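*Asks:* Please see the structure below; I have some questions.
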Amino acid sequence: METKRTTAANAHKKPSLKASTHNGRSKAHVGEAANHLLNEGKKLANEVYEDGLNKLEDVQDELKVYSDELLKKVQKNPLTSLLIAGGVGFLLSLLLKK
1 METKRTTAAN AHKKPSLKAS THNGRSKAHV GEAANHLLNE GKKLANEVYE DGLNKLEDVQ
61 DELKVYSDEL LKKVQKNPLT SLLIAGGVGF LLSLLLKK
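Numbering (UniProt numbering), first residue to last: 1 to 98.
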């Protein structure tokens, strides 16, 4: 019973100066670590974003090259291109009908 009273009495005591200084240092350390992690995360996100933009530009360039090549082939052989497009359209209509 005496331990409960002692514990309850100690619960209302203010923390000592040494304990509050230690808590303040711990909070500052945690804050610094959180800021460091935040900055590292921002750097990583920026790198990923820049890499994505570079890859997107590469894909756009390749798509432009392939579309230009396809356009040249269609201009060289318009009848063949028309028949191929018609056949593909017919096959797609059969597949989508089911």
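In this text, a Cβ means the ideal position worked out from N, Cα and C, and glycines have one as well. Computed from a predicted structure; not experimentally measured.
Please go through the same chain and pick out, in chain order, the residues whose beta-carbon is closer than 6 Å to the beta-carbon of Leu70, but skip the five residues on each side of it.
*Replies:* Excluding residues within five positions, none has a Cβ falling inside 6 Å.
*Asks:* Reducing DSSP to helix, strand and coil, say where Asn77 ends up.
*Replies:* If DSSP states are grouped into helix, strand and coil, Asn77 belongs with coil.
*Asks:* Just to confirm, are Val74 and Ser67 a CB contact at a threshold of 7 Å?
*Replies:* Going by C-beta atoms, Val74 is not nearer than 7 Å to Ser67.
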